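Per the working numbering, the very first residue in the sequence shown carries number 7; after that it's consecutive. Step one of this worksheet: look at the structure below.
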Amino acid sequence: MPMTTSETTAFFTHTWSVYDLITEHNYMSHREIYAKVCDLLQLRRTSGQYRLLDLGCGNARFLAPCLERFTPSCYQGIDLSDSALDEARTYLAKLPCPVELTHRDLLEAMETTNGEWDVIFTGFALHHLTAEEKAFFSGCRALPV
């Protein structure tokens, strides 16, 4: 039986420090992954300004340096963890673009967003979803680059 949203939030908040330690020691290859993300954002940025929606943004520690180099015209991060969003504010503070951080479930955000996004990004948030919930990808539309 899948966890409720409040159970998922409590679990995530409780395990945040363990995850932070794992990423700091690069056990999940965050440094290599985000080097490639930077490469992709550079390609996107050469096509002009872009708007970025980050689903399950966490603290944005690894994405923030990429965004500093290849700044979007606006950034919206969505996450269930208030503590992660508080940290994200710190990591994203240097961005010279509008930054909006929203405490919300990423599935609800996908269903109700009115914005148009050039890049929809998600890092390590998808593993929290069931197979049925991952169907939210059908709501993402490929935009020409």
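For each residue, glycine too, the CB sits at the ideal point set by N, CA and C. Because the structure is a prediction, the values reported are computed rather than measured.
- When rounded, the separation of the alpha-carbon atoms in Leu86 and His109 is 5 Å.
- In the three-state reduction of the DSSP assignment, His109 falls in the strand class, which pools E and B.
- Exclusion of the five residues before and after Phe130 leaves no residue of its chain whose Cβ lies closer than 6 Å to its Cβ.
- Runs of the alpha helix (DSSP H) lying entirely within the stretch 75-107, each at least 4 residues long, are 88-97 in chain order.
- Going by DSSP, Leu58 is part of no alpha helix (DSSP H) but of the beta strand (DSSP E) stretching over 57-61.
- As computed with DSSP, Phe68 is found in no beta bridge at all.
- The Cβ-Cβ distance between Phe68 and Leu47 does not fall below 8 Å.
- Within the DSSP secondary-structure output, Ile126 pairs in a beta bridge with Leu59.
- In the DSSP assignment, Glu138 falls outside any alpha helix (DSSP H), carrying neither H nor E.
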